[in-house]
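Residue numbers (our numbering): 179 to 326. Quick reminder that beta carbons are idealized off the backbone N, C-alpha and C, glycines included.
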Amino acid sequence: MAETPMNIDSPPVASHFGPLRRRLRLKPYQHPLGLYRSTRYFRGYPDPNEDWLNSSLNANARHARFLERREARRAQEALRGDYQSFIQRKALIAAIKEGLQARRDKRMRDRQRHESALASITNTFNQLALEPKSSVDDIIAPFSNIRV
């Protein structure tokens with residue numbers, strides 16, 4: 179069955195060009211009516227001066243080029259004064275750093291608390307060793323004020 183002729187500029191209505199794709203031995207991301215139509219890995223328009231057909235046969239190279247261009251575009255946006263994403267990224271990094279710092283501070287506070295508790299227990303033991311005790315209550319009483 180023959181493919182229905184279509185205008186290249188109009189979007190394909192219900193056809194996915196299966197038979198034509200197979201006949202042309204195209205990869206799934208290549209469009210039979212021209213590789214400009216392929217949007218799976220590359221949204222935006224390739225530079226027609228480059229050898230798009232040959233270079234696009236390698237999807238990884240194409241994707242790398244896409245990433246390069248995206249970075250370039252973001253740099254341009256930052257230069258133009260479109261700082262929103264830049265500021266958001268900075269804020270996210272600052273929040274992460276702040277969270278890490280808070281975690282570090284908490285660890286230090288806990289360590290100091292444990293060390294002070296340990297020191298008070300040690301002092302109590304040293305005092306116990308110096309003076310003789312007659313009952314269990316006399317031994318337990320000095321420890322009753324220690325909070326861990």
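{"Item": "Continuous alpha helix (DSSP H) stretch holding Ser-294: start and end", "Value": "262 to 308"}
{"Item": "Cβ-Cβ separation, Ser-298 to Ile-265 (assumed contact under 8 Å), whole Å", "Value": "49 Å between Cβ atoms; not a contact."}
{"Item": "CB contact flag (Thr-302, Pro-320, <8 Å)", "Value": "yes"}
{"Item": "Beta-carbon contacts of Ile-317 that lie in its chain and below 6 Å, excluding the five residues immediately before and after", "Value": "Lys-311"}
{"Item": "Burial state of Arg-240, where buried means 16 or more other Cβ atoms lie within 10 Å", "Value": "buried"}
{"Item": "Cβ-Cβ separation, Phe-195 to Pro-206 (assumed contact under 8 Å), whole Å", "Value": "Not quite, the Cβ-Cβ distance comes to about 11 Å (not below 8 Å), so this is no contact."}
{"Item": "Distance between Arg-243 and Arg-252 (C-alpha atoms, nearest Å)", "Value": "14 Å"}
{"Item": "Secondary structure of Phe-388, DSSP reduced to three states", "Value": "Not covered by the structure: residue 388. The range shown for the chain is 179 to 326."}
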